[in-house]
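Data first, discussion second: the structure below is written as structure tokens.
Residue numbers (full-length UniProt numbering): 1 to 421.
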């Protein structure tokens, strides 16, 4: 088999006559192809979520455009800790960072909701191109923007990129060995860690947010290279030959037939994923966890929160081979307890040190990452080959819906707390 560019033409774009199946490749070739595919999906997970994570890490800086001078093209990497709302002890921006969260997730939610209605008509290759172009456009637009509105448009592009990519690549896993799911999940966790850590490290080193964003333009190029040149040709889901895989790739995500295998399991998983609204609400209230008795200013504290959360996500999303959790509702319950505890601290400010908050946020990241990877792993085990593509695409909708609801709830909460004396 050749590179992925040729395989995509065979899988999606060609309308050529059927050919006789090729002889079965040697065992050593299958092993090499497996490693190419798992590394390909790890890189795709990394690149697909990278812009999404960077925009969350840059949320405080994006909103700081409101106080930047007219002749500046970027925000000072270490702005002075001047309160934006002098009547509040939280050092609030006039607009909550939840606004950036919403701009970073609502387009993704819309894409995932509409995907079963028409996205299947578009072959995989054009979808990946759209995702890569939007990711690059988001970095450029936010880097050169002079207003919050323009920056939020760039965040929307990052959301479109992430949404199209996630639906596309998760559906594509149905045509590869199940091992690629854990590698994809690990890659998305790596995006969180590397995205947040690179933004934190470069800005801490003195690079402006503008130049930091521009330095990340190689990530969309890496995603395109991983898809077109690293992945091998997908395997058909039954012995019918490669033409069966071509047919499956063009089928609608919603079939007219009722799924026959384990109808209760997918419903149960959806209920578990609805707890995401509590998990991601923590990210939306990070801005309000502000400590004045530390050398870190407010913007730096927010960046550290994001980095530590994503570090926990990366570790747990990469842990499937070591630890598998069947009852993911336990993780959701622990996330709810985390939310309640930190909301009480926001209200009463009883934690004496920011380092305690660092540990709690790292722990929350571990819970969130474990919930993600184990949910999709359970789906892979409990659905038939025929319905797995649809199940993967549908399951990620509830995750995004939870994030969107958390952002909507965080906006009034932010305004309420910021008006407290």
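Even for Gly, the Cβ is constructed at its ideal location relative to N, Cα and C.
Contact defined as beta carbons within less than 8 Å: I believe residue i pairs with residue j. What is the distance between those atoms, to the nearest angstrom?
i           : j           : result
residue 295 : residue 196 : No, residue 295 and residue 196 are not in contact; Cβ-Cβ is about 20 Å, not under 8 Å.
residue 62  : residue 100 : 6 Å
residue 214 : residue 290 : Incorrect: roughly 29 Å between the Cβ atoms, too far for contact.
residue 168 : residue 124 : 6 Å
residue 220 : residue 47  : 7 Å
residue 226 : residue 40  : 5 Å
residue 210 : residue 299 : 15 Å between Cβ atoms; not a contact.
residue 202 : residue 212 : 4 Å
residue 54  : residue 216 : 6 Å
residue 157 : residue 137 : 5 Å
residue 310 : residue 192 : 3 Å
residue 232 : residue 31  : Wrong, their Cβ atoms sit about 12 Å apart, outside the cutoff.
residue 174 : residue 388 : 5 Å
residue 346 : residue 417 : 7 Å
residue 159 : residue 103 : 7 Å
residue 377 : residue 324 : 7 Å
residue 43  : residue 230 : 7 Å
residue 429 : residue 380 : This structure cannot settle anything about residue 429, because the visible part of the chain is limited to 1 through 421.
residue 34  : residue 177 : 6 Å
residue 132 : residue 145 : Between residue 145 and residue 132 the Cβ distance is about 21 Å, and since that is not below 8 Å, they are no contact.
Name the residue from the options whose alpha carbon lies nearest to the alpha carbon of residue i.
i           : options            : result
residue 106 : 401, 321, 414, 416 : 401
residue 134 : 172, 97, 180, 49   : 49
residue 327 : 139, 345, 367, 193 : 367
residue 433 : 116, 363, 146, 300 : Nothing can be reported for residue 433, as the shown portion of the chain is limited to 1 through 421.
residue 404 : 112, 30, 45, 92    : 112
residue 164 : 384, 129, 299      : 129
residue 338 : 324, 356, 360      : 360
residue 414 : 312, 288, 302, 388 : 288
residue 189 : 314, 131, 121      : 314
residue 301 : 340, 344, 141, 353 : 353
residue 122 : 171, 156, 154, 136 : 171
residue 399 : 369, 307, 388      : 369
residue 308 : 194, 117, 348, 146 : 194
residue 151 : 345, 356, 64       : 64
residue 166 : 119, 147, 60, 155  : 119
residue 349 : 293, 390, 306, 312 : 293
residue 412 : 149, 97, 312, 383  : 97
residue 334 : 206, 365, 228      : 365
residue 422 : 207, 386, 305, 147 : An answer regarding residue 422 cannot be provided, because it is not within the stretch 1 to 421 covered by the chain.
residue 127 : 148, 228, 147, 206 : 228
residue 358 : 147, 286, 316, 384 : 286
residue 395 : 148, 218, 116      : 116
residue 92  : 234, 147, 382, 297 : 297
residue 148 : 207, 60, 385, 206  : 60
### Query
Are the stretch 105 to 122 and the stretch 182 to 192 touching, with three or more C-beta to C-beta distances below 8 Å?
no
### Message
With three or more beta-carbon pairs closer than 8 Å as the criterion, would you say the stretch 300 to 320 touches the stretch 373 to 381?
### Response
yes
### Message
Just to confirm the assignment: which complete alpha helix (DSSP H) runs, minimum length 4, are found wholly within the stretch 331 to 363?
### Response
none
### Complete alpha helix (DSSP H) runs within the stretch 178 to 204 (minimum length 4 residues, chain order)
179 to 204
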